[in-house]
Amino acid sequence: MVKHFLGQSVLQSSRDQVFAAFWQRSPNPYSTHVLREDIVHREVTPDQKLLYGRLLTKTNRMPRWAERLFPANVAHLVYILESSIVDPQNQTMTIFTWNINHTRLMVVEEWCVYYVNSEDSGWTEIHWEAWVSSSLFGISRAVQEFGLAWFKSNVTKSVKGFEYILANLLGEALSKTLVDPAKEAKEKLRGWPWQLQRSQGPCQQQFV
0 MVKHFLGQSV
10 LQSSRDQVFA
20 AFWQRSPNPY
30 STHVLREDIV
40 HREVTPDQKL
50 LYGRLLTKTN
60 RMPRWAERLF
70 PANVAHLVYI
80 LESSIVDPQN
90 QTMTIFTWNI
100 NHTRLMVVEE
110 WCVYYVNSED
120 SGWTEIHWEA
130 WVSSSLFGIS
140 RAVQEFGLAW
150 FKSNVTKSVK
160 GFEYILANLL
170 GEALSKTLVD
180 PAKEAKEKLR
190 GWPWQLQRSQ
200 GPCQQQFV
């Protein structure tokens with residue numbers, strides 16, 4: 000038996016902003032469980048799709064009842080493969096992830112698609128889908144229930160992390176927008192004839 004999750008989220012940011020934020024999601028206050036993100040494959044296909052493969056290292060928090068079933072020295076890290084397809088023509092990004100260790104305990108496969116919101120082209124919609132399975136005899140159902148709850152919690156954290164990164168990127172862009180004109184004006188004023196010469200009238204001044 001496999002537990003299935005289906006959900007959707009909306010980010011009030013454009014597709015380009017969200018795609019840029021995706022590669023900068025970690026670190027953020029909501030992704031402290033993500034320890035490493037290593038790119039293991041990168042490719043541009045003949046039809047101009049961008050393919051990425053990454054190895055993610057995350058902390059593995061087991062429920063207390065599960066910790067009693069496994070040796071104390073069992074690895075508390077989970078390694079996840081992430082396969083991404085960025086399709087500029089259709090304006091979508093598709094992500095597929097699955098864990099490659101602790102597979103006897105639980106396998107979580109996630110399918111995620113980012114696309115332009117149909118009601119507002121300046122927003123981005125996320126379609127989430129996940130399958131949780133376990134081969135542990137006698138307790139597989141409990142493990143799957145835990146895995147499903149864990150995944151739902153991570154979806155919430157992921158959206159909050161996106162919003163945090165997007166706010167930072169927007170702040171940086173706004174700061175640059177404000178600073179650049181100020182810098183440009185400052186450069187234009189460099190060498191400006193600030194010396195004033197008083198003319199005949201007491202209130203008339205002119206630049207020299």
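Using numbering that gives the first Met the number 0, you'd call the opening residue of the sequence shown number 0 and step up by one each time. Quick reminder that beta carbons are idealized off the backbone N, C-alpha and C, glycines included.
query: Beta-carbon spacing of W127, C111 below 7 Å; result: yes
query: Span separating the alpha-carbon of Q205 from that of F161; result: Any answer about Q205 is weak, because its pLDDT of 47 lies below 50 and its placement is not dependable; what the coordinates show is given next. Their backbone Cα atoms lie some 55 Å apart in a straight line.
query: Unbroken alpha helix (DSSP H) run spanning D15, endpoints; result: 14-21
query: Alpha carbon of I138 to alpha carbon of R24, nearest angstrom; result: 34 Å
query: Boundaries (first-last residue) of the beta strand (DSSP E) holding Q47; result: From DSSP, Q47 is part of no beta strand (DSSP E); its letter is neither H nor E.
query: For G137, the three-state DSSP class (helix, strand or coil); result: coil
query: Contact the region 138-147 vs the region 17-34: 3+ CB pairs below 8 Å; result: no
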